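Those protein sequence lines, which keep their order, are chains A and B. For the first sequence, the positions run 27 to 251 when the numbering used here is used. For the second sequence, the positions run 27 to 251 when the numbering used here is used. Here the structure is laid out as structure tokens; the discussion comes afterwards.
2 protein chains.
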Amino acid sequence: MSRTSRQPSGTPARGIPEATVARLPVYHRALSGLVDKGVRMVSSDELARAAGVNPAKLRKDLSHLGSYGTRGVGYEVDYLHYQIARELGLTQDWAVVIVGVGNLGRALAHYGGFASRGFRVVGLVDVDPGCVGEQVGGLTVQSLDRLEEVVRQGGASIGVIATPASSAQGVCERLVAAGVTSVLNFAPAPLAVPDGVDVRRVDLAVELQILAFHEQRKSAVGVAG
Amino acid sequence: MSRTSRQPSGTPARGIPEATVARLPVYHRALSGLVDKGVRMVSSDELARAAGVNPAKLRKDLSHLGSYGTRGVGYEVDYLHYQIARELGLTQDWAVVIVGVGNLGRALAHYGGFASRGFRVVGLVDVDPGCVGEQVGGLTVQSLDRLEEVVRQGGASIGVIATPASSAQGVCERLVAAGVTSVLNFAPAPLAVPDGVDVRRVDLAVELQILAFHEQRKSAVGVAG
DNA sequence: ATGTGTGAACTATTTCACAGCC
DNA sequence: GGCTGTGAAATAGTTCACACAT
Chain A
27 MSRTSRQPSG
37 TPARGIPEAT
47 VARLPVYHRA
57 LSGLVDKGVR
67 MVSSDELARA
77 AGVNPAKLRK
87 DLSHLGSYGT
97 RGVGYEVDYL
107 HYQIARELGL
117 TQDWAVVIVG
127 VGNLGRALAH
137 YGGFASRGFR
147 VVGLVDVDPG
157 CVGEQVGGLT
167 VQSLDRLEEV
177 VRQGGASIGV
187 IATPASSAQG
197 VCERLVAAGV
207 TSVLNFAPAP
217 LAVPDGVDVR
227 RVDLAVELQI
237 LAFHEQRKSA
247 VGVAG
Chain B
27 MSRTSRQPSG
37 TPARGIPEAT
47 VARLPVYHRA
57 LSGLVDKGVR
67 MVSSDELARA
77 AGVNPAKLRK
87 DLSHLGSYGT
97 RGVGYEVDYL
107 HYQIARELGL
117 TQDWAVVIVG
127 VGNLGRALAH
137 YGGFASRGFR
147 VVGLVDVDPG
157 CVGEQVGGLT
167 VQSLDRLEEV
177 VRQGGASIGV
187 IATPASSAQG
197 VCERLVAAGV
207 TSVLNFAPAP
217 LAVPDGVDVR
227 RVDLAVELQI
237 LAFHEQRKSA
247 VGVAG
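Encoded structure:
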């Protein structure tokens, strides 16, 4: 089921490993920094340091995209930067709708890192009548009733859920029904979606809890014995 | 190297896999929901569904903590909930300092999901004089100059960095020097830290870019041919 | 009967180490 | 000489399938 047989030798590179995909944005950002500084060439060692990974991993990751480096020399910064952008789809515009305009939703609406990477927030939606109509980040907050309309008019394929956990599944279903095929979920609840829809979850409390686990182990070293 | 021979029958369980640790908070939250509903027993199938993972994985994960279930019956909700909390260190209090009181920092300061899991925000710090002195989430925002003081007085071992990328490394070094040993980094920059300090990174733009990658592939299906 | 706990098989990811090209 | 690209080895994580306890 849904096991699409991996092309072991396509021309550019079919089936980039998920772990690699998750690091491409990091490389892209590191390269943006080098572009800004006017650096022309970079070695895997330097780029790896800038991105916070080890060089072997970087080279293996890049090898999945093709041979964009020159042996004995390194990578041309501009060229690699563009190739990764293209691979990630950053050369096109993505319309995003944010549902839930609480503190987090506002932070997201104002976040400059989106706009500079081809993500355009085309809609802000909330249930709370006290916040509908308000101007946030240059957009007027719309009523949740108009969710479908906002998604369709904006042509959004990506939805961001920044609502309480209890509303997340319902909102998600309406987003998907309206045409959204990728969801970024900040609500602390698992989402069920049909095949073909991608969900990524960001859970702030989970991150702290993972840190707490390791933190606890550190103290335990002195205690055991 | 570092292959500490697995205790096949130690009392609790040494060396829980990182992937398992990252899911324990999710199980813990699902169990919290069941506790609230007054559910007494739960099977791995039910709990797995509530947590959004598959049952085999759930059972394997739990087996790393010990044998907390009953064959043919399932898991006692309260007991498992407590055991996971203990394993994660949620039975103790963790003092957290947040650096950077922009939109995101504010969202974090107000986030109820922390307090309910033993995370106490004991300090808010920012460079901007226009925001120092302001009351946010029941705390007075302190000047960045007083960072070390705030960490020490609050006894914080966890620091949250919600500053721009350019200040992140500097803030991180000061946090660590003041006694912080775990860092949650929202700034889009890799952090270099000494051994013994844990860093987790949450990068909102990265998440969207990963979605964009898959989104692009979806459209490509119809285009290729 | 039922559903956990777990070896064993499988899949994914990371790291090594070096051949090959500049 | 130096640095990329990559097979091969090592490690980590997931899923299967069934023995075993209740």
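Ideal placement from N, C-alpha and C gives every residue a C-beta, glycine not left out. Note that the coordinates shown come from a computational prediction; the quantities given were computed from them, not determined experimentally.
Anything in chain B within Cβ reach of residue i, meaning under 7 angstroms, just list it in chain order.
{"i": "residue 183 of chain A", "result": "241"}
{"i": "residue 202 of chain A", "result": "Under the 7 angstroms cutoff, chain B gives no residues; its nearest Cβ is about 13 angstroms from residue 202 of chain A."}
Consider the Cβ of residue i: report whether some Cβ of chain A lies at a distance smaller than 8 angstroms.
{"i": "residue 57 of chain B", "result": "no"}
{"i": "residue 132 of chain B", "result": "yes"}
{"i": "residue 35 of chain B", "result": "Bear in mind that the predicted position of residue 35 of chain B carries a pLDDT of just 34, short of 50, making it unreliable; the figure below should be weighed with that in mind. No, residue 35 of chain B does not count as interfacial toward chain A."}
{"i": "residue 92 of chain B", "result": "no"}
{"i": "residue 172 of chain B", "result": "no"}
{"i": "residue 115 of chain B", "result": "yes"}
{"i": "residue 162 of chain B", "result": "no"}
{"i": "residue 45 of chain B", "result": "no"}
{"i": "residue 41 of chain B", "result": "no"}
Quick check: residue i and residue j, are their CB atoms within less than 8 angstroms of each other?
{"i": "residue 134 of chain B", "j": "residue 230 of chain A", "result": "yes"}
{"i": "residue 14 of chain B", "j": "residue 167 of chain B", "result": "Because chain B in this structure spans residues 27 to 251, residue 14 of chain B falls outside the shown range and cannot be described."}
{"i": "residue 68 of chain B", "j": "residue 99 of chain B", "result": "no"}
{"i": "residue 235 of chain A", "j": "residue 227 of chain B", "result": "no"}
{"i": "residue 174 of chain B", "j": "residue 200 of chain B", "result": "yes"}
{"i": "residue 146 of chain B", "j": "residue 177 of chain B", "result": "no"}
{"i": "residue 185 of chain A", "j": "residue 148 of chain A", "result": "no"}
{"i": "residue 58 of chain A", "j": "residue 107 of chain A", "result": "yes"}
{"i": "residue 130 of chain B", "j": "residue 150 of chain B", "result": "no"}
{"i": "residue 238 of chain B", "j": "residue 120 of chain A", "result": "yes"}
Which term fits residue i, buried or exposed, when burial requires 16 or more other beta carbons within 10 angstroms of its beta carbon?
{"i": "residue 211 of chain B", "result": "buried"}
{"i": "residue 137 of chain B", "result": "buried"}
{"i": "residue 105 of chain B", "result": "exposed"}
{"i": "residue 70 of chain B", "result": "buried"}
{"i": "residue 205 of chain B", "result": "exposed"}
{"i": "residue 62 of chain B", "result": "exposed"}
{"i": "residue 163 of chain A", "result": "buried"}
{"i": "residue 44 of chain A", "result": "exposed"}
Whose Cβ in chain A lies nearer than 7 angstroms to the Cβ of residue i?
{"i": "residue 214 of chain B", "result": "55 and 139"}
Can you name the residues of chain B whose CB is closer than 9 angstroms to the CB of residue i?
{"i": "residue 168 of chain A", "result": "The contacting residues do not exist; residue 168 of chain A stays about 20 angstroms from chain B at best."}
{"i": "residue 244 of chain A", "result": "183, 207, 208, 222 and 224"}
Tell me whether residue i counts as near the ligand ATP, meaning its Cβ is closer than 7 angstroms to at least one heavy atom of that ligand.
{"i": "residue 72 of chain B", "result": "The ligand ATP is not part of this structure, which contains no ligands at all."}
Looking at the C-beta of residue i, does it have a partner C-beta in chain B at a distance below 8 angstroms?
{"i": "residue 199 of chain A", "result": "no"}
{"i": "residue 208 of chain A", "result": "yes"}
{"i": "residue 81 of chain A", "result": "no"}
{"i": "residue 136 of chain A", "result": "yes"}
{"i": "residue 178 of chain A", "result": "no"}
{"i": "residue 121 of chain A", "result": "no"}
{"i": "residue 97 of chain A", "result": "no"}
{"i": "residue 251 of chain A", "result": "Per-residue confidence for residue 251 of chain A stands at a pLDDT of 38, beneath the threshold of 50, marking its modelled position as unreliable; no derived number is given."}
Starting from the beta carbon of residue i, find every residue of chain A whose beta carbon is closer than 8 angstroms, and list them in chain order.
{"i": "residue 228 of chain B", "result": "228, 230 and 233"}
{"i": "residue 48 of chain B", "result": "232 and 236"}
{"i": "residue 143 of chain B", "result": "231, 234 and 235"}
Output, in chain order, the set of chain B residues within a Cβ distance shorter than 8 angstroms of residue i.
{"i": "residue 51 of chain A", "result": "229, 231, 232, 235 and 236"}
{"i": "residue 146 of chain A", "result": "Chain B residues near residue 146 of chain A: none, gap ~11 angstroms exceeds 8 angstroms."}
Only counting the same chain, and skipping five residues up and downstream in sequence, which positions put a Cβ closer than 6 angstroms to that of residue i?
{"i": "residue 76 of chain A", "result": "56"}
{"i": "residue 95 of chain A", "result": "101"}
{"i": "residue 83 of chain B", "result": "none"}
{"i": "residue 207 of chain B", "result": "183 and 223"}
{"i": "residue 42 of chain B", "result": "90"}
{"i": "residue 117 of chain A", "result": "111"}
So, for residue i: in the same chain, excluding its five sequence neighbours on each side, which residues have a beta-carbon less than 8 angstroms away from its beta-carbon?
{"i": "residue 219 of chain A", "result": "198, 202, 209 and 225"}
{"i": "residue 109 of chain B", "result": "91, 92 and 94"}
{"i": "residue 194 of chain B", "result": "187, 211, 213, 215 and 217"}
{"i": "residue 132 of chain A", "result": "162 and 163"}
{"i": "residue 28 of chain A", "result": "Low per-residue confidence applies at residue 28 of chain A: pLDDT is 35, beneath 50, and the placement is therefore not dependable, though the value from the model is reported in the following sentence. Cβ within range, chain order: 221."}
{"i": "residue 243 of chain B", "result": "none"}
Who are the near neighbours of residue i in its chain, counting only those whose CB is closer than 7 angstroms to its CB and skipping five residues on each side?
{"i": "residue 46 of chain B", "result": "87 and 90"}
{"i": "residue 128 of chain B", "result": "188"}
{"i": "residue 114 of chain B", "result": "50, 51 and 54"}
{"i": "residue 74 of chain A", "result": "80, 81 and 84"}
{"i": "residue 153 of chain B", "result": "170"}
{"i": "residue 65 of chain B", "result": "103"}
Output, in chain order, the set of chain A residues within a Cβ distance shorter than 9 angstroms of residue i.
{"i": "residue 77 of chain B", "result": "216"}
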